[in-house]
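Engineer: Dropping a structure here in structure tokens format, bear with me for questions.
Chains as they are written, first to last, in our numbering: chain A, 16 to 120; chain B, 134 to 251.
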């Protein structure tokens, strides 16, 4: 099975700061990588699919990149509403990363 | 408007069977696949299984022996049954829609909270 290692487990950022979260796959996953945001008490919501494609309605400050085994989610300019948990998902075999808790500093 | 709504008992006793229903609207079960994903309280997400648009099913190998997913297209419903529940099966259970044929989940239900306790 493909394992997804997500880092960091938690981080705090100031408003306006740029934030990056990484996912490392145990083998190459050919950009089959999605990112989800889960706000407290809510269901996860799709942000990014195919490693870098922005889901409709998602603010452009969110971006995804990567290839092979390494992928990242970037938030360019932290906003209060971005405080949430973030999960990567390998979309070929559905495995999720362990999550990153992003808080405002 | 795409909507998925999970329903089922909030409390299940150990060793009993969990039965959940996902009722969908805004799309057809013969056009889109539906997944089940669960989340223990305060923890991460685990893919459980899939009802494909053509009626095929697939399951997480760790749960396969206990899990069954079925559907009734006339009622726009997908069903999950999992037997031999234990306390570590406690959590929130989501049904989700697959974005085209991609393995990506572009719509989620609000989740059904399930507690396994005697």
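Beta carbons: idealized from backbone N, C-alpha and C, even for Gly.
(1) Our contact map puts residue 193/B next to residue 150/B with C-beta atoms below 8 Å; I'd like the distance itself, whole angstroms only.
(2) Does any residue of chain A bring its CB to less than 8 Å from the CB of residue 227/B?
(3) Can you name the residues that DSSP bridges to residue 234/B?
(4) Can you tell me the Cα-Cα spacing of residue 45/A and residue 17/A, whole angstroms?
(5) Return no unless some Cβ of chain B is closer than 8 Å to the Cβ of residue 102/A.
(6) What are the start and end residues of the beta strand (DSSP E) that includes residue 100/A?
(7) Checking 8 Å against the spacing of the C-beta atoms, do residue 139/B and residue 245/B come in under that value?
(8) Tell me whether residue 136/B is buried or exposed, calling it buried when 16 or more other Cβ atoms sit within 10 Å of its Cβ.
(9) If you check the beta carbons only, do residue 101/A and residue 60/A fall under 8 Å apart?
(10) Would residue 28/A pass as a contact of residue 120/A if the rule is Cβ separation under 8 Å?
(11) For residue 171/B and residue 226/B, I'd like the C-alpha separation in whole angstroms.
Structural biologist: Reading it off the structure:
(1) To locate residue 193/B, count along the second chain from 1; it is residue 60. To locate residue 150/B, count along the second chain from 1; it is residue 17. Residue 150/B and residue 193/B do not touch by the CB rule: their CB atoms are close to 17 Å apart, not below 8 Å.
(2) On the second chain, residue 227/B is found 94 positions in, with the first residue counted as 1. Yes, contact with chain A.
(3) As a first step, residue 234/B is located in the second chain; it is residue number 101 there, counting from the start. Beta-bridge pairing links residue 234/B to no other residue.
(4) Position 30 of the first chain, counting from 1, holds the residue named residue 45/A. Position 2 of the first chain, counting from 1, holds the residue named residue 17/A. Rounded to the nearest angstrom, the two C-alpha atoms are 12 Å apart.
(5) Residue numbering aside, residue 102/A sits at position 87 when the first chain is read from its first letter. So yes, residue 102/A belongs to the interface.
(6) For the purposes of this step, residue 100/A is taken as residue 85 along the first chain, with counting starting at 1. 99-105 is the extent of the beta strand (DSSP E) around residue 100/A.
(7) Indexing the second chain from 1 puts residue 139/B at position 6. Indexing the second chain from 1 puts residue 245/B at position 112. Yes; because the gap between Cβ atoms is below 8 Å, this pair is in contact.
(8) As a position in the second chain, residue 136/B is number 3, starting the count at 1. Exposed is the call here.
(9) Taking the first residue of the first chain as position 1, residue 101/A is located at position 86. Taking the first residue of the first chain as position 1, residue 60/A is located at position 45. No, Cβ-Cβ distance for residue 101/A and residue 60/A is not below 8 Å.
(10) On the first chain, residue 28/A is found 13 positions in, with the first residue counted as 1. On the first chain, residue 120/A is found 105 positions in, with the first residue counted as 1. Contact flag set, yes.
(11) Along the second chain, one-based indexing puts residue 171/B at 38. Along the second chain, one-based indexing puts residue 226/B at 93. Cα to Cα, the separation comes out at about 4 Å.
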